Amino acid sequence: MSTEDLTLDLLAYHAFPLLASALRLRKDAIVRAWEAAVVQTLPAADALTLQNLRNSIPLILEEIIDAFASDKPSTTRDLVEGSKMHGESRFQENYNIRELVVEYRLLRRVIIEQVTEAMEEQLDLRSNIALNMAVDTALQSGVIRFIEHLQQQNRTSTEVQAKYLSFLSHDLRNHLHHAMLHVQLLARRLTQVPEFADSVADLESVKRAILQTTAGMDRLLQSEQLRKEPVHHTAEPVDLNLLLSEIASQFAPEVRSKGVTLNLDAPDGAQAISDTGLLTLVLQNLLGNAVKYSSGGEIKVLARNDANSENIEWVLSVSDQGPGIAPENLCHLFEAFRRGDTYGQPGVGLGLAIASEATRLLGGKLEVESEAGVGSTFRLMLPKKDKDHDQNMTQVKS
Numbered sequence: 034m035s036t037e038d039l040t041l042d043l044l045a046y047h048a049f050p051l052l053a054s055a056l057r058l059r060k061d062a063i064v065r066a067w068e069a070a071v072v073q074t075l076p077a078a079d080a081l082t083l084q085n086l087r088n089s090i091p092l093i094l095e096e097i098i099d100a101f102a103s104d105k106p107s108t109t110r111d112l113v114e115g116s117k118m119h120g121e122s123r124f125q126e127n128y129n130i131r132e133l134v135v136e137y138r139l140l141r142r143v144i145i146e147q148v149t150e151a152m153e154e155q156l157d158l159r160s161n162i163a164l165n166m167a168v169d170t171a172l173q174s175g176v177i178r179f180i181e182h183l184q185q186q187n188r189t190s191t192e193v194q195a196k197y198l199s200f201l202s203h204d205l206r207n208h209l210h211h212a213m214l215h216v217q218l219l220a221r222r223l224t225q226v227p228e229f230a231d232s233v234a235d236l237e238s239v240k241r242a243i244l245q246t247t248a249g250m251d252r253l254l255q256s257e258q259l260r261k262e263p264v265h266h267t268a269e270p271v272d273l274n275l276l277l278s279e280i281a282s283q284f285a286p287e288v289r290s291k292g293v294t295l296n297l298d299a300p301d302g303a304q305a306i307s308d309t310g311l312l313t314l315v316l317q318n319l320l321g322n323a324v325k326y327s328s329g330g331e332i333k334v335l336a337r338n339d340a341n342s343e344n345i346e347w348v349l350s351v352s353d354q355g356p357g358i359a360p361e362n363l364c365h366l367f368e369a370f371r372r373g374d375t376y377g378q379p380g381v382g383l384g385l386a387i388a389s390e391a392t393r394l395l396g397g398k399l400e401v402e403s404e405a406g407v408g409s410t411f412r413l414m415l416p417k418k419d420k421d422h423d424q425n426m427t428q429v430k431s
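Position 330 of the sequence shown, counted from 1, bears residue number 363 in this note's numbering, the numbering being contiguous throughout.
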């Protein structure tokens, strides 16, 4: 039987006139004491919030008083429904769940203290149980209604996000693809007319902007894909030399244009047991990040077998000589949409978040060392796996 059912059984058919009188006597004192406690505990509470408190809390207290004064089930049900309305109003006022719980915890403490003090020796065991259960039920009902609205909001938000991502992945991406084709066709025609040479350079800027936008959309879609449950992936032998070479070739044009030296170093025959797709996703984002923020200098991609570790088989590192990362930004580095100091570079701040999530799904670990003005090193540690490992693993996100 739930707390609410027990309270209905106790209060619905029994009146507690002494409790009703004590609560009525101390109602104003409860509001004042509670308001002071809220100001002290939630310093961010503004004047509007406090005014809302003054307006709504007396209504809850009146409903508790009515439940104590009557032996009719209807008054107890009114208490439950009225408390739910209070939780709903708090949701509409953009409270967060922490603020609501703190607010209710303070209210419970103040009510119990004030009523106990007012009744002194008259508070017997049954009255004490009724007092605690009535207050708890009222406040729990408010929290439950608040959570119900929060869940509905999350469901609505998820539906909107799904429609938005569908628009990105299909409609908008197709439009950008067609725009790119037209730009390429126009550029090809203009190269045949010498007086339009400057316009061809402008079109190259348009192409880069389209490619950057498409890359940002791809990362957003990758991030959403990694969040879906369950996530299926396959453990299989991966040729690390081949994988690193293929990924490096994807960034070759940008590496050349920036005058960056890219060095790959992996032992002959280096082979990891991992998911090729997820591992590629991690390394693409790490190397892409290094290239993006490098202006000359060297980028090193190393693969080392960690024979001395019980749990780690391979350590893959990507080191650059870019601007580095300020210490205060390191703790937020793998959060989505957190970019820190980006020096005007394009992007939406999802690359490292995607790399971090893909690493988690691989059962690995991602670490970073960085010094502002010197550069950064990202290390991906892959766990040891039996080569006879099940070829069709399913990992469900917790």
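Yeah, the Cβ is synthetic: ideal placement off N, Cα and C, and Gly gets one too.
All values derive from a computational prediction rather than experimental measurement.
Which listed residue (the options) has its alpha carbon closest to that of residue i
{"i": "Arg141", "options": "Glu343, Gly329, Glu400, Ile63", "result": "Ile63"}
{"i": "Lys291", "options": "Glu269, Val407, Lys325, Ala167", "result": "Lys325"}
{"i": "Pro360", "options": "Ser350, Ile332, Glu346, Glu402", "result": "Glu402"}
{"i": "Ile358", "options": "Leu58, Glu96, Val226, Gly406", "result": "Gly406"}
{"i": "Gln217", "options": "Ser232, Pro227, Leu52", "result": "Ser232"}
{"i": "His215", "options": "Lys240, Leu92, Glu228", "result": "Lys240"}
{"i": "Leu311", "options": "Val134, Glu269, Lys60, His210", "result": "Glu269"}
{"i": "Val135", "options": "Gln73, Glu181, Leu92, Arg59", "result": "Gln73"}
{"i": "Ser389", "options": "Asn341, Leu316, Gln185", "result": "Leu316"}
Sub-8 Å separation of residue i and residue j beta-carbons
{"i": "Gly321", "j": "Gly408", "result": "no"}
{"i": "Leu415", "j": "Leu399", "result": "no"}
{"i": "Val351", "j": "Arg337", "result": "no"}
{"i": "Leu314", "j": "Ala299", "result": "no"}
{"i": "Gly329", "j": "Val288", "result": "no"}
{"i": "Lys418", "j": "Ile345", "result": "no"}
{"i": "Ala323", "j": "Gly355", "result": "yes"}
{"i": "Phe411", "j": "Leu319", "result": "yes"}
Cutoff 7 Å; reference residue i; Cβ partners in own chain excluding five residues on either side
{"i": "Leu103", "result": "It is Ser, not Leu, that sits at residue 103 in the sequence shown. Here the set comprises Ala48."}
{"i": "Ala55", "result": "Val148, Ala151, Met152"}
{"i": "Leu295", "result": "Ala281, Val288, Ile332"}
{"i": "Leu297", "result": "Leu277, Ser278, Ala281, Val334"}
{"i": "Ala212", "result": "Ile243"}
{"i": "Glu404", "result": "Gly357"}
{"i": "Glu368", "result": "Ala386"}
{"i": "Gly397", "result": "Leu413, Met414, Leu415, Pro416"}
{"i": "Lys60", "result": "Pro91, Leu94"}
{"i": "Ala391", "result": "Leu259, Leu311, Leu314, Val315"}
{"i": "Leu139", "result": "Trp67, Ala70, Val71, Thr74"}
Rounded distance between the beta-carbons of residue j and residue i, thought under 8 Å
{"i": "Ile145", "j": "Leu164", "result": "7 Å"}
{"i": "Tyr137", "j": "Leu172", "result": "4 Å"}
{"i": "Gln304", "j": "Leu273", "result": "7 Å"}
Nonlocal neighbours in the same chain, by C-beta distance under 8 Å from residue i, ignoring five residues either side
{"i": "Gln50", "result": "Strictly speaking, residue 50 in this sequence is Pro, with Gln absent from that position. The residues are Phe101, Ala102."}
{"i": "Asp339", "result": "Ile345, Glu346, Trp347, Val348, Met414"}
Residue i CB to nearest heavy atom of the ligand MN below 7 Å
{"i": "Arg57", "result": "Absence of the ligand MN from the depicted structure is noted, as is the absence of any ligand whatsoever, leaving it without description."}
Close beta carbons around residue i, own chain, < 6 Å, minus the five adjacent residues each side
{"i": "Val443", "result": "Nothing about residue 443 can be read from this structure; the chain reaches only from 34 to 431."}
{"i": "Ala220", "result": "Val233, Leu236"}
{"i": "Ala66", "result": "Val143"}
{"i": "Gly380", "result": "Annotation note: pLDDT 47 at Gly380 (below 50); position unreliable, no value reported."}
Cα-Cα separation between residue i and residue j, rounded to whole angstroms
{"i": "Ile90", "j": "Leu75", "result": "17 Å"}
{"i": "Glu154", "j": "Asn161", "result": "11 Å"}
{"i": "Phe284", "j": "Ser327", "result": "12 Å"}
{"i": "Leu156", "j": "Arg57", "result": "15 Å"}
{"i": "Ala53", "j": "Ala69", "result": "24 Å"}
{"i": "Ile97", "j": "Thr170", "result": "10 Å"}
{"i": "Met4", "j": "Asp99", "result": "Given a span of 34 to 431 for the chain in the structure shown, any question on residue 4 remains unanswerable."}
{"i": "Pro481", "j": "Asp301", "result": "Outside the displayed range of the chain (34 to 431) lies residue 481, so it cannot be described from this structure."}
{"i": "Arg222", "j": "Phe229", "result": "10 Å"}
{"i": "Val271", "j": "Pro286", "result": "25 Å"}
{"i": "Ser431", "j": "His365", "result": "At Ser431 the pLDDT is 34, less than 50, meaning the model places this residue with poor confidence and gives no usable figure here."}
{"i": "Asn341", "j": "Ile306", "result": "18 Å"}
{"i": "Leu209", "j": "Glu343", "result": "48 Å"}
{"i": "Asp353", "j": "Arg393", "result": "23 Å"}
{"i": "Glu181", "j": "Asn207", "result": "38 Å"}
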